[in-house]
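Chains as they are written, first to last, in UniProt numbering: chain B, 1 to 233; chain H, 1 to 233.
Beta carbons are placed, not taken as given, at the ideal position from N, Cα and C, and that holds for glycine.
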DNA sequence: ACTGTTGCGGTCATATTGGTCACGGCCGAC
DNA sequence: GTCGGCCGTGACCAATATGACCGCAACAGT
C-alpha cells in the first residue's frame with residue numbers, strides 16, 4: 001500500500017475545476033490522477049469499474065454539489081456498497097449538518113472552496129502521512145498507535161504564517177474580533193489585549209490583507225483618520 | 001443540541017461489559033445511557049425505535065465483535081439507512097483493515113480493550129467537546145473552524161512521552177505546577193527547579209501539547225513575549 | 001476663506017527579551 | 001568500553017515594546 005501511488009478519482013461537475021484539481025494532484029508526489037467523474041452516478045460507475053479492473057481507487061476528491069446526487073449521498077452509497085475508499089470533501093457549502101453528515105459518512109478531510117494550492121496540498125499530504133503511518137505496522141499494537149494514526153489525519157498542521165506574526169497572538173486577536181459587534185480600532189485592540197499599538201496593527205493589517213477583516217477609516221475626531229476593523233462574516 | 005444530554009446506546013454482547021460501560025457513562029456529565037443492545041440486529045432496531053419515538057440516539061458505543069454481525073457491518077447498515085449517529089468503536093481486535101474500515105464507516109473514536117476509565121472518559125469528553133464546538137456556531141465560517149472541530153475530535157491527549165523527556169523530571173515539573181496558583185513562565189520553572197530554561201521549556205511544551213497545561217503569551221514588557229503556563233484543572 | 005496650530009494615529013528603526021536549534025558532555029545500561 | 005538517552009550551553013532567531021517622526025484632519029484665529 002505504501003509502495004505505490006495513491007489512486008485518486010476526481011468527482012466534480014465543472015470541467016475547469018476538475019482540471020484544476022487534477023493539475024494540483026500532478027504536482028504532488030505519491031498521488032496519481034486515476035480519472036474524473038462529472039456526476040454522482042458516473043463516480044459510482046467509475047469506482048466499480050476500477051475495482052473490476054483490479055485497480056481500485058484509494059481516494060475520492062468529492063465535490064458536494066453535483067448535478068444528480070448530493071456528494072453525501074454518493075458517499076453513503078459507496079459505504080452501502082462496501083467500499084472503504086477514503087473521501088475528501090470539497091465544497092463551498094459550510095452548513096453545519098453537512099459537516100456532521102460528512103463525519104458520519106467517513107469523510108477524512110473537508111476542504112472549503114475556494115482554497116489555495118497550499119491548503120489543498122496540506123490536506124493531501126496529511127492523508128498520505130496517515131496511510132504511511134498505518135502501513136508502517138502490521139497491526140495496531142496499542143491505543144497510542146491508533147490515536148497517533150487518527151491524529152495524523154486530523155491534526156491541523158498550521159499553514160505558513162508571514163514572519164513577525166505568532167500563532168498565539170494571532171489567535172487572540174481573531175478571538176477578540178469575533179466577539180465584537182461593532183468595528184474596533186487598533187487602539188481598542190491594544191487596550192483590551194494588553195499589547196502594543198504597533199503589534200495590534202501588524203495583526204489587524206495582516207488579517208485585513210488576507211481578507212478576514214473589513215477595514216475602513218473613521219473620521220470625525222481630531223488627528224489622522226483611524227482605521228477600524230470588523231470581522232467579515 | 002448542546003443544551004441537552006447526549007443520548008448513548010451501548011452495543012455489547014457481554015452483559016458484564018455492557019453494565020460496566022453504562023456505569024462509566026453515568027459518571028460523566030452530559031451523557032445519558034439510552035439503552036443497551038446485545039447484538040447487531042437489536043442495535044439497529046433500537047436505533048430505529050429511538051428515531052420513531054422522536055428521541056434519536058446521538059452516539060453508539062459499539063463493540064466490534066458481536067454474535068450476529070460484525071460491528072463494521074452494523075455501522076455500514078446504519079449509514080445505508082441514512083443515520084448520521086456517531087459511533088465510537090470498542091474492540092479488542094487491532095487488525096489494520098478493521099481500523100481502515102472504521103475510518104471509512106465514519107467512526108469517530110476507536111477504543112481498544114481493555115481500557116481504563118480514564119481512557120474511556122477522555123474519548124467521550126473529546127467527543128463532547130467536538131459537539132460543543134460545532135454547536136457553538138451556526139455555520140463554519142472558515143477552513144480553520146472546520147479544522148479545529150475535526151482536531152478536537154481526534155487529537156490525542158495521550159501522547160507517549162517523546163524522546164528527551166525523563167520520567168523523574170516530568171513528575172517534578174508537574175508537581176511544581178500543581179502547587180502554583182498563578183501562571184508561571186519557563187524562567188520561573190528554571191529558577192525554582194534548578195534546571196535549564198531549555199529543559200524547562202521542553203517539558204512545559206510537552207505538557208501544553210498534551211492538554212495538561214494552558215499556555216498563553218504574556219505581553220507588556222519589551223522583548224519577545226514570554227509564554228506562561230498554568231495547570232489545567 | 002485661508003492658514004497655522006494642535007492632536008492623534010500611522011510608520012519606522014532600534015533595543016530587548018525569550019524562543020529555538022545544534023552540538024557536546026555526562027551518566028547509566030548492556 | 002561503547003552506546004544511547006537526557007540535559008546544559010551558547011549562538012542565532014523571532015516577536016514585541018518603545019520612542020521619534022510623519023501625515024492627516026479638525027479647529028481656531030486672522
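Residues that residue 84(H) contacts on chain B, provided the C-beta gap is smaller than 7 Å:
Taking the second chain and counting its residues from 1, the one referred to as residue 84(H) is at position 84. The answer, in chain order, is 100, 101 and 104.
Residue of 51(H), 6(H), 100(H) and 54(H) minimising C-alpha distance to residue 61(H):
Numbered from its first residue, the second chain carries residue 61(H) at position 61. It is 6(H).
Give the residues of chain B in contact with residue 234(H), contact being defined as C-beta atoms less than 7 Å apart.
Past the boundaries of the shown model lies residue 234(H); chain H is included only from 1 to 233, so the question cannot be answered.
Please report how far the alpha carbon of residue 116(B) lies from the alpha carbon of residue 56(B), in whole angstroms.
Taking the first residue of the first chain as position 1, residue 116(B) is located at position 116. Taking the first residue of the first chain as position 1, residue 56(B) is located at position 56. If you take the alpha carbons of residue 116(B) and residue 56(B), they lie about 28 Å apart.
Could you check the C-alpha separation between residue 209(B) and residue 227(B) for me, to the nearest Å?
Counting from one through the first chain, the residue named residue 209(B) turns up at place 209. Counting from one through the first chain, the residue named residue 227(B) turns up at place 227. Spanning the two alpha carbons is a distance of roughly 13 Å.
Member of 185(B), 205(B), 232(B) and 202(B) whose CA lies at the smallest distance from the CA of residue 221(B):
In the first chain, the residue the question calls residue 221(B) occupies position 221. The candidate whose alpha carbon is nearest that of residue 221(B) is 185(B).
Anything in the segment 211 to 224 of chain H with a Cβ closer than 8 Å to a Cβ of chain B? List those residues in chain order, please.
Cβ contacts with chain B: 215, 216, 217, 219 and 220.
Would you report the Cα separation of residue 70(H) and residue 40(H), rounded to the nearest angstrom?
On the second chain, position 70 is the one that residue 70(H) refers to. On the second chain, position 40 is the one that residue 40(H) refers to. Just so you know, the alpha carbons of residue 70(H) and residue 40(H) end up roughly 7 Å apart.
Going by DSSP, what residues sit across from residue 110(H) in a beta bridge?
Position 110 of the second chain holds residue 110(H). Partner(s): 89(H).
Classify residue 14(B) as helix, strand or coil using the three-state DSSP reduction.
Along the first chain, read from residue 1 onward, the residue named residue 14(B) stands at position 14. Here residue 14(B) carries a coil assignment [DSSP, helix/strand/coil].
If you measure between the beta carbons of residue 152(B) and residue 130(B), is that distance less than 7 Å?
Stepping through the first chain from its first residue, residue 152(B) is reached at position 152. Stepping through the first chain from its first residue, residue 130(B) is reached at position 130. Their beta carbons are under 7 Å apart, which means residue 152(B) touches residue 130(B) by this criterion.
Can you tell me where the alpha helix (DSSP H) holding residue 95(H) begins and where it ends?
In the second chain, the residue the question calls residue 95(H) occupies position 95. For residue 95(H), no alpha helix (DSSP H) segment is defined, and its DSSP state is neither H nor E.
What are the start and end residues of the alpha helix (DSSP H) that includes residue 71(B)?
Here residue 71(B) refers to the residue found at position 71 when the first chain is read from its first residue. Counted as a single uninterrupted DSSP element, the alpha helix (DSSP H) harbouring residue 71(B) occupies residues 71 to 80.
With a 10 Å radius around its C-beta and 16 neighbouring C-beta atoms as the bar for buried, classify residue 197(B) as buried or exposed.
Residue mapping note: residue 197(B) aligns to position 197 of the first chain, counting from 1. Exposed is the label assigned to residue 197(B), since fewer than 16 other Cβ atoms lie within 10 Å of its Cβ.
Consider the Cβ of residue 143(H): report whether some Cβ of chain B lies at a distance smaller than 7 Å.
In the second chain, the residue the question calls residue 143(H) occupies position 143. At a cut-off of 7 Å, the C-beta of residue 143(H) has a neighbouring C-beta in chain B.
C-alpha distance - residue 225(H) paired with residue 170(B), whole-angstrom precision
As a first step, residue 225(H) must be located in the second chain, where it is residue number 225. As a first step, residue 170(B) must be located in the first chain, where it is residue number 170. Going by the C-alpha atoms only, they are around 13 Å apart.
For residue 33(H), three-class secondary structure by DSSP:
As a working note, residue 33(H) is residue 33 in the second chain. DSSP places residue 33(H) in strand when its eight states are reduced to three.
Can you find the residues in the same chain that come closer than 7 Å, C-beta to C-beta, to residue 30(B), ignoring five residues on each side of it along the sequence?
As a working mapping, residue 30(B) is identified with position 30 in the first chain. So the qualifying residues of the chain are 5, 6 and 128.
Alpha-carbon spacing of residue 214(B) relative to residue 111(H), whole angstroms:
Residue mapping note: residue 214(B) aligns to position 214 of the first chain, counting from 1. Residue mapping note: residue 111(H) aligns to position 111 of the second chain, counting from 1. Using only the alpha carbons, I get a separation of about 45 Å.
May I ask you to report which of helix, strand or coil DSSP gives residue 57(B)?
By one-based count along the first chain, residue 57(B) stands at place 57. Residue 57(B): coil per DSSP, three-state reduction.
Chain H partners of residue 195(B), CB-CB under 7 Å?
Here residue 195(B) is taken as the residue at index 195 of the first chain, counted from 1. Neighbours of residue 195(B) on chain H, chain order: 219.
Return the CA-CA distance between residue 22(B) and residue 37(H), expressed in angstroms with no decimal places.
Translated into positions along the first chain, residue 22(B) becomes position 22. Translated into positions along the second chain, residue 37(H) becomes position 37. So the alpha carbons of these two residues sit roughly 46 Å apart.
For residue 105(H), name the three-state secondary structure that DSSP assigns.
Working through the second chain from its first residue, we reach residue 105(H) at position 105. Coil at residue 105(H), not helix or strand.
Taking just the CA atoms, how far does residue 48(B) sit from residue 54(B)?
Here residue 54(B) refers to the residue found at position 54 when the first chain is read from its first residue. Here residue 48(B) refers to the residue found at position 48 when the first chain is read from its first residue. When rounded, the separation of the alpha-carbon atoms in residue 54(B) and residue 48(B) is 10 Å.
Got a sec: is the Cβ-Cβ distance from residue 11(H) to anything in chain B below 7 Å?
Here residue 11(H) refers to the residue found at position 11 of the second chain. Chain B, which has no Cβ nearer than 7 Å to the Cβ of residue 11(H), makes this no.
Chain B within 7 Å of residue 187(H), Cβ atoms only
The residue labelled residue 187(H) in the question sits at position 187 within the second chain. By this cut-off, residue 187(H) is not an interface position.
Distance, Cα to Cα, residue 13(H) vs residue 232(B)?
Looking up residue 13(H) in the second chain gives position 13. Looking up residue 232(B) in the first chain gives position 232. Near 51 Å, if we compare the C-alpha coordinates of residue 232(B) and residue 13(H).
Is the CB-CB distance between residue 203(B) and residue 182(B) below 7 Å?
Stepping through the first chain from its first residue, residue 203(B) is reached at position 203. Stepping through the first chain from its first residue, residue 182(B) is reached at position 182. Not closer than 7 Å, so no.
Quick check on residue 75(B): buried or exposed, where buried means 16 or more other Cβ atoms within 10 Å of its Cβ?
Taking the first residue of the first chain as position 1, residue 75(B) is located at position 75. When all chains shown are included, residue 75(B) counts as buried.
Pairwise C-alpha distance: residue 145(H) and residue 190(B)
Position 190 of the first chain, counted from the start, is the residue given in the question as residue 190(B). Position 145 of the second chain, counted from the start, is the residue given in the question as residue 145(H). Using only the alpha carbons, I get a separation of about 25 Å.
Residue from 83(B), 114(B), 102(B) and 125(B) with nearest C-alpha to residue 101(H)
Numbered from 1 along the second chain, position 101 holds the residue referred to as residue 101(H). Residue nearest to residue 101(H) within the set 83(B), 114(B), 102(B) and 125(B) is 83(B) (criterion: CA-CA distance).
Where the alpha helix (DSSP H) through residue 214(H) begins and ends:
Taking the first residue of the second chain as position 1, residue 214(H) is located at position 214. Not the alpha helix (DSSP H): residue 214(H) falls in the beta strand (DSSP E), residues 213 to 218.
Here's a check: name, in chain order, each residue in its chain whose Cβ is nearer than 8 Å to the Cβ of residue 27(B), leaving out the five neighbours to either side.
Here residue 27(B) refers to the residue found at position 27 when the first chain is read from its first residue. So the list reads 117 and 121, once near-sequence residues are dropped.
Ordered along the chain, which non-local residues of its own chain (more than five positions away) have a Cβ less than 6 Å from that of residue 201(B)?
Here the question's residue 201(B) lines up with position 201 in the first chain. Apart from sequence neighbours up to five positions away, the residues of its chain that approach residue 201(B) with a beta-carbon distance below 6 Å are 186, ordered along the chain.
Grab me the residues of residue 177(H)'s own chain with a C-beta within less than 6 Å of its C-beta, minus the 5 sequence neighbours each way, in chain order.
Numbered from 1 along the second chain, position 177 holds the residue referred to as residue 177(H). Closer than 6 Å at the Cβ level, and outside the excluded window around residue 177(H), lie 231.
Classify residue 106(B) as buried or exposed, calling it buried when 16 or more other Cβ atoms lie within 10 Å of its own Cβ.
By one-based count along the first chain, residue 106(B) stands at place 106. By the 10 Å Cβ count, residue 106(B) comes out buried.
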